[in-house]
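Structure first, then comments.
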C-alpha cells in the first residue's frame, strides 16, 4: 500500500512510500530512511499516526502538518510501535483505504540531526511605507506584470466545478442578501454598533458547497438588486497554494490577511511569482505593520481610477477555509485569544468606522462553526455572525443540477447512475466529482456498466471511506442512530463520553440544523453513512446489529428498487422499513422506553395519547399476505416462505402485506410501559389529495376498530395513523380524534429525520420529471384531456 508521510517541522515535506500491509512499523521506518537517504539508523526515527485525537480523529492534510510543533506531537498524536504490523487495529487496520489529500504518518527526526529545512520565517522584501496609500500602490504596481489589470483570477473553483447550476441554496442566498443589506443600511447611519452588521458564514460538512456559495456573489447581489458594475468580487482562500506560510506565522493576523487580500487583488496571475514564493521573497520587510483599513483604501484607490462617476462601490470579500486561520500562531496574538476572532473583529471594526468609500461585504466559509460563531465566545458583542442555512441536497435537487448541463444530462438515463447519485447522499462535491469522472470515461449512451462502477468506487473510496475512518464504528452507528431517531440535540450536549455535538459538527461529521424549538437542532448525516452501516459486519451490541439489519432491509426492499419502480411507488414498503429503523435507532442511543411523542416526533397526536410511554424491542420488517382485519391471526407467515412464521404481537415484527397502493397495511405492536397492555399501531397511507380530509378521521377510525382482529383482548389499545392525508392549513383548528396520529406534508421532515432525504419518503409525484404513466395516474379528466395535458408537462 502507498502511505504519505510528512516530516514534522519541515515545510512541504510530504512524500510517499510503498510497503506491504503485513510489514511492521520498523519496516516502514526503513522504507522512509531509504527513500529520504538518511545516513542514520532507521530505528532513530519516531513515527506517529497522522490522525487527530490520538488516532481517533480525521487524517491530517499537508497544510495541517506544516504548522505542527515537534514538541507537541507526542502529546496529541499516537506513536506507532515498531513491533506492530501495519494492519494492526492500533495502526491502520485491515480495512484501511488511503484517500486523496491525506498524510498518514508523521515523521520526527532525531534531535541534533540537521536536514534541509525551509528557514524563511521573516519577510525578505524591500521596506515600504505601509501607512501611505501612494507608496503601497506604487510598490504593488511595480510587482504587476500588467499595471492596468486587477482581479485577473477572481475564481478559486475550477471552470469544471462552476459549470453546474446552483440548486437548493435559495434560503442561503436570501439570508446572505439580508446580512449584506443590513451592513449597507447600517453604513448609511451614524451608529457604530457592530451587532447591526451581521457577517454571513457558510459552515457545514466537507463537500457541502460552501466554497461554491462564496462563488455565488452575483446571485446574492441579484437578490439585493445591486448594480453589478458597482461590485468587485474577491475571495481569499487558505488552501491550494494559499496555505499559511512560515512568514505569516510571525505576523499579526490583520497584517498577514491584508497582504493576502492585496496579492489576490493586484498580483494573482499578474506577477512573476506564486503566492507562497512572493510572500517569502517580495513581502516588504516591514509588512507586519500593515493595517486592514489601509489595504482596503489602496484597493479603492485603484478601483476609482477606472470607475469614474461610480459613486457607490462595493467589495465582496469571501474568506474560504477560515478554520485554518485559527491554527496560526502569530506574534500579534494574546495568550488565549482566538486568531480568527481577531480577524473577524478587525473586519467588523472596519465596517463601523466608515474610513473608506468602498463598502465591504464579507462572507466566511469553512467547516468549524464553533470558532467563528459569535455566540460561542466571550464578548461576542464585538461582532455578530449569522450561519447560512446549508443543507444536504435532495435527490431531486441533485438531478436538477446534473440536468442543468447538457453535457451530463444524458447520464441520468442510466438507472445505475441514478442509484449512485442517490447513494452519494446529497453531498454536492461527491456528486460533481462522480459525474466528472463519468465524463472522463465516456460520453452518455456509450459508457459501460464497468466504467460506471469504477467511477463510483473511486469517489466512494476517496470521500465516503475517508468519512467512515474519522470515527470508530460504534461512534458512527451512534451518530447515524441519532440522525434517524427523531431526537433533537443541543450543540453543547455530550454526544458520548469524549465529544460534544458541537465537536462533531465542527469536525465535518454531521449537520446540526436549527429547529423551530430554540437551541434544539436536528441531526443530519449523508445517506452514504447509513448505507455503509447497513453493509458493515463490525457491530458489537445486539441493538447495533438490529439497527444495521434494519438499514440493510431498507437497502434490499426499497433502495434496490428505486429506479426500477418510481420512488413514490415504494412509499408503503418504505414506511414499514422506517418504523424498524426508528425503533432500533432509539435502542442504540439507549432509549428502551419512549413516549409516543418521542417515537412519532412531528406527528399531530391525540390528547389522550400524549402521556403514554411504550417499551421498545429490536424490530425487523416481516412481509406477509394477511390484511389487517377481523381475521388477522396472531401468527402470520412470511410471504413466499410460508413455513417461516412470527407472532407479530411479541416478536418485534413490523408487518407489511404489500409494496404499494390501496390495501397495503403496516401494523406492529408495542407494550404500554406502565400497564404492560398491548398497543397495536396501524399505519394508513392516503395517496390521493382530497380523498381523505380531517372530517373523515373519526369515521376512518371507527371502521378500523370495527375490523380489529378478533384475538386481541379488550385491554389492547388500537392506534390509527394517517400519513400525508391533508394540507397543514386544513388542520389549524382541527382536534385529532382519540387514539390517532396524523402526519402532514409539512411535518414529514421532522417526522422522518435524516430519512426525509429518501425519495420514497413521500407519495408526491414531481410532475416535471415523472414518467408518462405516473402523470396519467394523478391527472383528472377524460383520457384525451389527460393525454393532452401530460404532453404539455
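Residue numbers (the working numbering): 213 to 1005. A virtual CB, placed ideally from N, CA and C, is assigned to each residue, including glycine. These figures come from a predicted structure and were not determined experimentally.
Beta-carbon contacts of residue i that lie in its chain and below 6 Å, excluding the five residues immediately before and after
{"i": "residue 294", "result": "237 and 238"}
{"i": "residue 429", "result": "445 and 528"}
{"i": "residue 510", "result": "345, 348 and 349"}
{"i": "residue 731", "result": "702"}
{"i": "residue 941", "result": "Its pLDDT being 48, under 50, residue 941 is placed unreliably by the model, and the measurement read from it follows with that caveat. Counting only Cβ-Cβ distances below 6 Å, and skipping sequence neighbours, we find nothing."}
{"i": "residue 678", "result": "311"}
For residue i, the residue or residues it bridges with in DSSP
{"i": "residue 935", "result": "897 and 955"}
{"i": "residue 563", "result": "Residue 563 pairs with nothing; no bridge assigned."}
{"i": "residue 217", "result": "227 and 317"}
{"i": "residue 674", "result": "Partner(s): none; residue 674 has no beta bridge."}
{"i": "residue 574", "result": "529"}
{"i": "residue 291", "result": "260"}
{"i": "residue 865", "result": "832"}
{"i": "residue 273", "result": "Residue 273 is not bridged to any residue."}
{"i": "residue 806", "result": "826"}
{"i": "residue 337", "result": "496"}
{"i": "residue 849", "result": "857"}
{"i": "residue 881", "result": "892"}
CB of residue i within 8 Å of CB of residue j, strictly
{"i": "residue 376", "j": "residue 631", "result": "no"}
{"i": "residue 413", "j": "residue 584", "result": "yes"}
{"i": "residue 241", "j": "residue 257", "result": "yes"}
{"i": "residue 975", "j": "residue 672", "result": "no"}
{"i": "residue 423", "j": "residue 368", "result": "yes"}
{"i": "residue 792", "j": "residue 765", "result": "yes"}
{"i": "residue 715", "j": "residue 705", "result": "no"}
{"i": "residue 277", "j": "residue 315", "result": "yes"}
{"i": "residue 609", "j": "residue 380", "result": "yes"}
{"i": "residue 676", "j": "residue 419", "result": "no"}
{"i": "residue 478", "j": "residue 352", "result": "yes"}
{"i": "residue 721", "j": "residue 577", "result": "no"}
{"i": "residue 554", "j": "residue 465", "result": "yes"}
{"i": "residue 502", "j": "residue 459", "result": "no"}
{"i": "residue 384", "j": "residue 602", "result": "yes"}
{"i": "residue 797", "j": "residue 892", "result": "no"}
Beta-carbon proximity list for residue i, same chain, < 7 Å, skipping 5 on both sides
{"i": "residue 680", "result": "688 and 744"}
{"i": "residue 251", "result": "none"}
{"i": "residue 514", "result": "349 and 362"}
{"i": "residue 690", "result": "708, 800 and 801"}
{"i": "residue 201", "result": "Because the chain spans 213 through 1005 in this model, residue 201 falls outside it and cannot be assessed."}
{"i": "residue 500", "result": "463, 464 and 467"}
Status (buried if at least 16 other CB within 10 Å, exposed otherwise) for residue i
{"i": "residue 879", "result": "buried"}
{"i": "residue 652", "result": "exposed"}
{"i": "residue 658", "result": "exposed"}
{"i": "residue 821", "result": "buried"}
{"i": "residue 558", "result": "buried"}
{"i": "residue 374", "result": "exposed"}
{"i": "residue 963", "result": "buried"}
{"i": "residue 597", "result": "buried"}
{"i": "residue 456", "result": "buried"}
{"i": "residue 228", "result": "exposed"}
{"i": "residue 338", "result": "exposed"}
{"i": "residue 997", "result": "exposed"}
{"i": "residue 847", "result": "exposed"}
{"i": "residue 660", "result": "exposed"}
{"i": "residue 923", "result": "exposed"}
{"i": "residue 547", "result": "Low confidence applies here, because residue 547 scores a pLDDT of 47, under 50, leaving its location unreliable; read the following figure in that light. Counting Cβ neighbours within 10 Å, residue 547 comes out exposed, since fewer than 16 surround it."}
{"i": "residue 930", "result": "buried"}
{"i": "residue 336", "result": "exposed"}
{"i": "residue 484", "result": "exposed"}
{"i": "residue 476", "result": "buried"}
{"i": "residue 382", "result": "exposed"}
{"i": "residue 970", "result": "buried"}
{"i": "residue 754", "result": "exposed"}
Proximal residues to residue i (C-beta, below 8 Å), its chain only, five neighbours per side dropped
{"i": "residue 663", "result": "650, 653 and 654"}
{"i": "residue 571", "result": "395, 396, 399, 524, 525, 526 and 527"}
{"i": "residue 684", "result": "268"}
The ligand NAD heavy atom lying under 7 Å from the CB of residue i
{"i": "residue 651", "result": "Ligands in the displayed structure: none, and consequently the ligand NAD is not present."}
Residue ranges of each alpha helix (DSSP H) within the region 368 to 412, 4 or longer: For secondary structure counted as the alpha helix (DSSP H) over 4 or more consecutive residues, the region 368 to 412 holds these complete runs in sequence order: 371 to 374 and 382 to 400.
message: Which complete alpha helix (DSSP H) runs does the region 703 to 762 hold, if anything under 4 residues is left out?
response: If we require 4 residues or more, the alpha helix (DSSP H) runs fully inside the region 703 to 762 come out as 713 to 718 and 739 to 746.
- prompt: In chain order, which continuous runs of the beta strand (DSSP E) of length 3 or greater are located wholly inside the region 808 to 834?
  reply: 825 to 827
query: Where in the region 428 to 460 do unbroken runs of the alpha helix (DSSP H), each at least 4 residues long, occur, reported from the N-terminal end onward?
result: 429 to 436
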